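Everything below concerns the one structure shown next.
Number of protein chains: 2
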Amino acid sequence: MHFDPRGPSKYVQFADFLRQQIESGELAPGALLPSESALMQRYEVSRPMARKAVAILRNEGLVTTEQGVGTKVRELPAERQPLFLEADAEAVARMPSEHERVELELDYGVPVIEVHIDGEIHLHSADEVVLRAAAPARATKTATRRARKA
Amino acid sequence: MHFDPRGPSKYVQFADFLRQQIESGELAPGALLPSESALMQRYEVSRPMARKAVAILRNEGLVTTEQGVGTKVRELPAERQPLFLEADAEAVARMPSEHERVELELDYGVPVIEVHIDGEIHLHSADEVVLRAAAPARATKTATRRARKA
DNA sequence: CCGGATTTGTACGTATGTATT
DNA sequence: GAATACATACGTACAAATCCG
C-alpha cells in the first residue's frame, strides 16, 4: 500500500483501499477486518488514520464495528421486505438522528425511509425494505406493513 | 452546558446539545454555528470533542461545513421534486460512497435513492426528491425524470 | 468465575496545512 | 499579508467490552 502525496488525504486513500477489498469480495460479508493494530503495522499508518478510514466505511454502511470484537463487513438481508407506496402516500429518505438510530437498532450508515400517509409518519430501516408502487385500489385494500422491531 | 459523567460520552452529549439548538430554531437554517474555538471556550470542551460533536451532526445531514468558512445549519429545498415510481420499478435508499458523494455533489449525511427500472439504475439525491406512486398507465405514459446535475 | 490479552472507544495534546475573509 | 477557521496527521493515556484459557 503506497500513498500518493498529491492525491486526496491519507485516510481517504486508505478507505478507498479497504473499500476496494470489500467490493472485490476479498473481504466477504461477515468477514472481520484486520484490527486497528494490524492495519497500523501492515500499512504503516497511525491509529487515528486507521480509525478515520474505517469510520468512512462505517458511515457508508459497508461495515459495522463492535467494541471488544472488531469491524465486520456488513451483510445485507438477502430478501428485502417490499414496502408498497399507496397512491396518496409520500416517502423520503434521510439519516436518522443518534436517538432514532439507537431506538431502531440501526447500524451506522443506514438511512431511514419516512412514509407519510393519512397524516401519519412511519419509519423504516432503509436496508430492510424496497419501495414499490402499490397496485391501484381494488375490492380489498392490502394493508401497508410496518417495519418489524428486532 | 454541563456534562453528565454517567451519561453517554461527552461528544454525544455535546452533539445532543447542539442538535437541540438547531431543532428548536435557535440556530436557524443557514445560520453559522460557533467556530470550533468559540465552542471550546464557551463550553470548555477540547477541540477533538468539539469536532466530533459537529461531525455527528454532519453525518445526520443537519449541518455542512466549509473549510475557512465554518459550519452552517443546512437548509433543505422547500420544494422537493416528486419522483414517480412506476409499477414495475423498485427503489432503495443507501449512503453513497465517497466517490459518488463527490460526483453527485452531495453534502455529508445525505442518502441516495436508487431507482431500478428497465434494467437501469438511476441515482437521486435523497433530499431533493419525494417518492410517490405513479398513476397507473393510461393512454400516454409520463416519462420518469432524471435527477438534474448541478 | 477470574485474570489476562485483545480490540475498540474516549479524551486530550501538539504541530502544520489549506481555504476563506 | 494577516487573521480566522477548518483539515490533516501524529502522539499519549486510560476506559470499556469481549474473548479465551
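Protein sequence lines correspond, in order, to chains W and A. By the numbering used here, the letter at position 48 of the first sequence is numbered 74, and the numbering carries on one by one without gaps. By the numbering used here, the letter at position 54 of the second sequence is numbered 80, and the numbering carries on one by one without gaps. Glycine included, every Cβ here is placed at the ideal spot set by N, Cα and C. Only a predicted model underlies this, so the values are computations on that prediction, with no experimental measurement involved.
Asked: If we define contact as Cβ-Cβ less than 9 Å, is Val38 of chain W a contact residue for chain A?; Found: yes
Asked: What are the boundary residues of the beta strand (DSSP E) that Leu109 of chain W is part of?; Found: 107 to 111
Asked: If we ignore side chains and look at the alpha-carbon of each, how far apart do Val99 of chain A and Arg32 of chain W end up?; Found: 32 Å
Asked: Output the distance between the C-alpha atoms of Val80 of chain W and Pro55 of chain A, rounded to the nearest integer angstrom.; Found: 31 Å
Asked: Would Leu157 of chain A and Val118 of chain W be called neighbours here (beta carbons separated by less than 9 Å)?; Found: yes
Asked: Under 7 Å, CB to CB, which of the residues in the segment 131 to 142 of chain A have a partner in chain W?; Found: Gly135, Pro137, Ile139
Asked: Exposed or buried, what is Ala165 of chain W when buried is set at 16 or more other beta-carbons lying within 10 Å of its beta-carbon?; Found: Its pLDDT being 49, under 50, Ala165 of chain W is placed unreliably by the model, and nothing is read from it.
Asked: Counting pairs of Cβ atoms below 8 Å between the segment 36 to 53 of chain W and the segment 76 to 91 of chain W, do you hit three or more?; Found: yes
Asked: Taking the C-alpha atoms as reference points, what is the distance between Ile147 of chain A and Glu105 of chain A?; Found: 24 Å
Asked: Taking C-beta to C-beta, are Glu124 of chain W and Val138 of chain W nearer than 9 Å?; Found: no
Asked: Check distances from the C-beta atoms of the segment 76 to 89 of chain A to those of chain W and list, in chain order, the residues that come in under 7 Å.; Found: Ile82, Asn85, Glu86, Gly87
Asked: Can you pull the chain W neighbours of Pro162 of chain A, defined as C-beta to C-beta under 8 Å?; Found: Pro162
Asked: From the beta carbon of Ala104 of chain W, is the nearest beta carbon of chain A less than 9 Å away?; Found: no
Asked: Run down chain A in chain order and give the residues with a C-beta less than 7 Å from the C-beta of Met121 of chain W.; Found: Asn85, Glu86, Gly87, Gly135, Pro137
Asked: Tell me, please, which residues DSSP counts as bridged to Gly96 of chain A.; Found: A:Glu92
Asked: Go ahead and pull the three-state DSSP assignment for Ala176 of chain A.; Found: In this predicted model, Ala176 of chain A has a pLDDT of only 33, less than 50, meaning its place in the structure is not dependable enough to derive any value.
Asked: Quick one, which of A:Phe110, A:Ser61, A:Leu83 has its alpha-carbon nearest Gln93 of chain A's?; Found: A:Ser61
Asked: So, does the CB of Arg100 of chain A fall closer than 9 Å to a CB anywhere in chain W?; Found: no
Asked: My output table needs one value for Glu52 of chain A: the three-state DSSP class, helix, strand or coil.; Found: coil
Asked: Roughly how many angstroms separate the alpha carbons of Pro182 of chain W and Ala160 of chain A, rounded to a whole number?; Found: The structure shown does not extend to residue 182 of chain W, since chain W is modelled only from 27 to 176, so the question has no answer here.
Asked: According to DSSP, is Pro74 of chain W helix, strand or coil?; Found: helix
Asked: Please classify Leu132 of chain W as buried or exposed, where buried requires at least 16 other C-beta atoms within 10 Å of its C-beta.; Found: buried
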